[in-house]
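Note sheet for the following structure.
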Amino acid sequence: MTQIYWDTLKDLVGEEGVSDNELEVLDLALNGKSPAEIKTILGRQSENAVQKTLSRIYTKFRITGAGPGKLSKLQKILSDRLQAKQGRRKVLIAWAGSNSKYQAEKIRDVIFKHPQIEAFILDIDGSSGSAWLQETEQILSTVDFGILCLPKECLEQAWINFLIGLFSGRLHNFRLLRFSKKVNFEIPIHFPSIDGVEKNNLAYLLHEITGGDIEEAKDWINYKLSTSNWFNELLEEEQNCLSPVEVSKTRIILNTVEPILKANNYLQTNKIFQQLVINDIADIDERIEDLNSNGSVYSMPLELYPRRLTSLQQKLQVRVKAIAIVDGVESFWASDKGDEVAKTAHPESERLFVFSSEQDFERGLNFLLRHASYYKVFVTTKEIYLPYAEEFSLRDVSTRYNIESFNSKLSTLPTKEYAIIETGDGKNQLIVWYENDNVRQSRSVRLANFSPNAGEIDQYKKILSNFLTRANRNEGVFQLTVGNSIKLNSTKNLDKIVFQKLDLIRENLFRKSPYEFLKFPKELLKDLQKVRNKLNRFKDKNEVIQEALKVVCERLNSQTASIFLFSKDGHLHRQKIVGIDANAKEIDDNWFEGENYLPGESFTGQAALPHEDGFGQPQSANDLSKIPLDAKSQEKYLEKLGGIYSAIAVPLDGQHKTYGVLEVINKIDPIKRKPIPNYGFSQEEIHWLYTIGSSVASAISNLRKKRQVKLLADLSDALVGYRSNLSDVQDAYKTVVNRLVSDDTAFEVCILRVKNKNHLLEVVDKAGAERVKWDKRLDDPRGYEDGFVGDTLREKRAISLTGINDQNIEKFKNQDWIVLNQFKSFGCFPLIYKEEVVGALSLYTGYEYDFHPGCKEFLERVASLTAAFIGRVKESEVVNSVVRDLNNSPDTSDLLQLKEEELREQLAIIQKQRDSIREKLDATFGNRHQSNHPESSTEDSIETVAKYCS
53 MTQIYWDTLK DLVGEEGVSD NELEVLDLAL NGKSPAEIKT ILGRQSENAV
103 QKTLSRIYTK FRITGAGPGK LSKLQKILSD RLQAKQGRRK VLIAWAGSNS
153 KYQAEKIRDV IFKHPQIEAF ILDIDGSSGS AWLQETEQIL STVDFGILCL
203 PKECLEQAWI NFLIGLFSGR LHNFRLLRFS KKVNFEIPIH FPSIDGVEKN
253 NLAYLLHEIT GGDIEEAKDW INYKLSTSNW FNELLEEEQN CLSPVEVSKT
303 RIILNTVEPI LKANNYLQTN KIFQQLVIND IADIDERIED LNSNGSVYSM
353 PLELYPRRLT SLQQKLQVRV KAIAIVDGVE SFWASDKGDE VAKTAHPESE
403 RLFVFSSEQD FERGLNFLLR HASYYKVFVT TKEIYLPYAE EFSLRDVSTR
453 YNIESFNSKL STLPTKEYAI IETGDGKNQL IVWYENDNVR QSRSVRLANF
503 SPNAGEIDQY KKILSNFLTR ANRNEGVFQL TVGNSIKLNS TKNLDKIVFQ
553 KLDLIRENLF RKSPYEFLKF PKELLKDLQK VRNKLNRFKD KNEVIQEALK
603 VVCERLNSQT ASIFLFSKDG HLHRQKIVGI DANAKEIDDN WFEGENYLPG
653 ESFTGQAALP HEDGFGQPQS ANDLSKIPLD AKSQEKYLEK LGGIYSAIAV
703 PLDGQHKTYG VLEVINKIDP IKRKPIPNYG FSQEEIHWLY TIGSSVASAI
753 SNLRKKRQVK LLADLSDALV GYRSNLSDVQ DAYKTVVNRL VSDDTAFEVC
803 ILRVKNKNHL LEVVDKAGAE RVKWDKRLDD PRGYEDGFVG DTLREKRAIS
853 LTGINDQNIE KFKNQDWIVL NQFKSFGCFP LIYKEEVVGA LSLYTGYEYD
903 FHPGCKEFLE RVASLTAAFI GRVKESEVVN SVVRDLNNSP DTSDLLQLKE
953 EELREQLAII QKQRDSIREK LDATFGNRHQ SNHPESSTED SIETVAKYCS
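Counting with the numbering used here, you get residues 53 to 1002 for the letters of the sequence shown.
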């Protein structure tokens, strides 16, 4: 269905009494929004509430049935209404003089009796005065096209010129139609007329009204004229008509008013004032009495003002500083008259166009661009401008000036809409304004007033200049700049300009920011708290990332949103991206697969680069062309997004470090779903995104902690469950090293060493990430003096290196292997069991890792579990050895059969075995039975073994 603007839709459903509340729902439904989307956009209680609202609308349109078919029926009704509303063109035919009335009737009944035209004429002569004007005032606002039939002989030039000014000022589409080869007088405003005696001219007029094919219009004219004698009568009359003598009334008026003109000092000293009066001399008979020797205000019909302004700009190259309220009395800007004002304007002229709505702004795009290509054009809204105008109102001029010396019309000086006209040297100036504070009223004539009084001019110039300075700060006023070389000859150029220059204005002036809540801290906290709570409820990292990116895109109207997390290689790898490409299609997550950056690399990496506090810092840019970017990344994003203009990247900070980046690129128009080139992200949006980033980081960090707790629990269960046989022990060692290089940790290599019988730490197992190469590595045992492992063995404390450099690498035994794999950080944690180092864990990372307190606490717990397992294995081995020794001792019954000497020998052997068992037990279970404790006995040690074995 064709898009229907809000005001048009409101008009189409007016008969059914659809409320504004219902109209909001209907507008979104007609634009393809689902009940769920409507609920979210309008903040309704539920989808059911939206459905009920739609049901009420269907009932008002007497649409029955169920299912989606009802909306289709409603769309058809509205579409038919819109076509009917737009299908027939209303044409008003005006006339002056009895002969013109006859011609007007024939035009209506012959030529314009057309299916696409609804033509009507006025039954009052256009020269009959106020009654005709009152009726015309009411009708002009309802017609699409106006035609004025000129009489063959017109002695009332003032009336004709007034009618031309009235029609051309009120109607965008207006034409003069004469049925004479030659006009019998000179129209002072030089408005072109159409010769209706030529059939082709009538065909082009019909084509201009109805559109379509010009040949069809010609066929229609030929057909209709062939069925009527009117046109033949017209041609015969034209041939027999004698051309009357042209009468110039201008000279007569000049002779009449010459004494008054000479007596007026303003006319004699001000060139603008003088030229204005001379240009308008044809109508001066109705207004000249207001201009006496002390007169400082000159008035003319408003409809004539654009023509007079054009003439002043052409002849005197005047500069204009003006305020134009687009839906106010100046309704001519989109017409030919507005174009003439633009083309003749001085480049230093300034005009502020004030719009009421985005719809008015959209309708005015073409004329705005035309004007901006000739002089300085500014735009704002009534909501912004009117409070300012009222603050500096000069309505009460009696308190500021001695108005007794002024014309009484000075009491109507404006508070809103006016213009200052001045020569290049500034010596000659005029202020222009309208009566009744620019309010449209039904009156016979609306006037434009001109005054050269310097007091008002200086005041209003200052007011306007102060307001326009806001454009330098983008405070509700924006200057529209277009190169003079572009005169809208190319639709492609126009589209490009509109795209690049006007989206910024739309966004700032007419569209409510999706961040209105940012202005209210309570609402901001409420929104953030809801997001934080929702993210913390997820049990999977990918769910957190998906939801976070969705919220960010919706809140910020960004073209893309991405999350990058550090991997074992020290690079930020993109985990997910959401957004739309240059064609408004969803970006597939597999696009630019493998995108990654080092800390400090490109725009993304800068956000993760550690600063003095050890964390990254937010990055923002509203002009990415000034930011050094990774070449490949820049190429990819330019191609995919159609341009890269603005971005924010905030670090994802955990408790101890930055472990990722949240990034958005390009602000988009939420309606057109296109990036806005000249508009970026505000400071409030940067702060909001940083806070959301903290919520994301917190949620992911909590999930990581839960995985670490589970890893410890699983490791504990696994180690406790292993038996003391050799294969189980090796499996246990493999479990430890594999868990420490899993995706849940930052480590690329884990090496487990256990103390052997020679009190050296030997490698029992190792594991590495997929990229790790084991070439050039020697796994020989380590003693007290062997590098960092020896330090750990000797000092019984953990050692960590955030950065492996040229100075400390010399202490490593496998330097070539470290260089080959480009390891950046190293940690060695002792495995201590009953105050003895029974092993060590060595860890390597692919980037500079700081082994923060949280990491150390985790590794110490792993080390404690592993040490306990190793200690238990060693104790089990000792116990097994003791049991074997005891089993090998002689039986008591056998000893009784020995002779004394043999018995003594066997007892000595048994004593040695008992001493050996005691030494093993003391060494294994705490050495509670030292030789300097005579009360200790072999039976105590055996009891200990029995308890352990039990």
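Glycine is no exception: its CB is placed at the ideal position from the N, C-alpha and C atoms. Given the structure is predicted, the values throughout are model-derived calculations rather than measurements.
Identify the continuous alpha helix (DSSP H) that holds residue i and give its terminal residues.
i	result
Thr-396	No alpha helix (DSSP H) contains Thr-396, which DSSP labels as neither H nor E.
Gly-657	654-658
Gly-842	839-847
Asn-718	Premise fails: Asn-718 lies in the beta strand (DSSP E), 710-721, not in any alpha helix (DSSP H).
Ala-255	251-262
Ala-101	99-112
Thr-321	317-321
Which residue wins for smallest C-alpha separation from residue i, given the options the options?
i	options	result
Asn-873	Ile-273, Glu-288, Gly-898	Gly-898
Leu-228	Leu-601, Val-772, Asp-721, Ile-246	Ile-246
Ile-803	Leu-106, Gly-891, Val-406	Gly-891
Thr-475	Leu-417, Arg-403, His-398	His-398
Ile-173	Tyr-154, Phe-407, Ile-861	Tyr-154
Thr-844	Asp-832, Thr-797, Arg-805, Glu-862	Arg-805
Pro-358	Phe-226, Gly-198, Gly-390	Gly-390
Asn-718	Phe-910, Ile-632, Asp-780, Glu-288	Ile-632
Arg-222	Val-249, Leu-257, Thr-188, Leu-130	Thr-188
Lys-514	Ala-441, Lys-582, Val-529, Leu-883	Ala-441
Glu-638	Val-596, Leu-693, Lys-620	Leu-693
Ile-884	Leu-771, Phe-921, Asp-161	Phe-921
Ala-156	Leu-130, Arg-140, Thr-194, Ile-199	Ile-199
In angstroms, rounded to a whole number, what distance separates the CA positions of residue i and residue j?
i	j	result
Asp-1079	Asp-868	Lying before the first or after the last residue shown, residue 1079 is absent from the chain, which here runs from 53 to 1002.
Leu-801	Leu-650	Note on identity: in this sequence residue 801 is Val, with Leu being the wrong assignment. Rounded to whole angstroms, Val-801 to Leu-650 spans 20 Å at the Cα level.
Lys-828	Lys-865	11 Å
Phe-113	Ala-88	23 Å
Leu-462	Arg-498	Caution applies to Leu-462, whose pLDDT of 42 falls short of 50 and renders its modelled position unreliable; the value that the coordinates give is listed next. So the two alpha carbons sit approximately 16 Å from each other.
Lys-593	Asn-754	10 Å
Lys-726	Ala-636	7 Å
Lys-91	Ala-81	11 Å
Gln-411	Asn-418	13 Å
Glu-736	Ile-169	55 Å
Leu-704	Ile-615	9 Å
Asn-316	Tyr-486	23 Å
Tyr-318	Ser-348	7 Å
Leu-125	Ile-115	Strictly speaking, residue 125 in this sequence is Lys, with Leu absent from that position. Roughly 7 Å separates the two Cα atoms.
Asp-59	Lys-709	54 Å
Phe-226	Ala-148	16 Å
Val-143	Gln-511	45 Å
Phe-910	Val-931	32 Å
Leu-764	Arg-913	8 Å
Pro-439	Gln-686	45 Å
Pro-680	Ile-856	29 Å
Report buried or exposed for residue i, applying the criterion of at least 16 other Cβ atoms within 10 angstroms of its Cβ.
i	result
Gly-478	exposed
Lys-848	exposed
Gln-365	buried
Gly-879	buried
Ser-983	Since pLDDT at Ser-983 reaches only 35, below the 50 mark, its modelled position is unreliable, and no value is offered.
I'd like the span of the beta strand (DSSP E) that includes residue i, first residue to last.
i	result
Trp-147	141-147
His-625	624-631
Ala-699	699-705
Tyr-470	470-474
Lys-865	No beta strand (DSSP E) contains Lys-865, which DSSP labels as neither H nor E.
Lys-818	813-820
With a cut-off of 8 Å, do at least 3 Cβ pairs link the stretch 778-798 to the stretch 812-820? Result yes; three or more Cβ-Cβ pairs closer than 8 Å.
Can you confirm whether the stretch 360-379 touches the stretch 471-486 when touching is taken to mean that 3 or more C-beta pairs between the two stretches lie within less than 8 Å? These segments touch.
Is the stretch 639-658 touching the stretch 671-685 in the sense that three or more CB pairs, one from each, lie closer than 8 Å? Judged by Cβ distances under 8 Å, the stretch 671-685 makes contact with the stretch 639-658, as three or more pairs qualify.
Is it a yes or a no for the stretch 733-744 touching the stretch 604-616, going by three-plus beta-carbon pairs under 8 Å? At 8 Å Cβ cutoff, the stretches touch.
Taking contact to mean 3 or more Cβ pairs, one atom from each stretch, closer than 8 Å, check whether the stretch 381-394 and the stretch 407-427 are in contact. At 8 Å Cβ cutoff, the stretches touch.
Just checking, does the stretch 699-713 make contact with the stretch 659-675 on the three C-beta pairs under 8 Å criterion? Contact holds: three or more Cβ-Cβ distances are below 8 Å.
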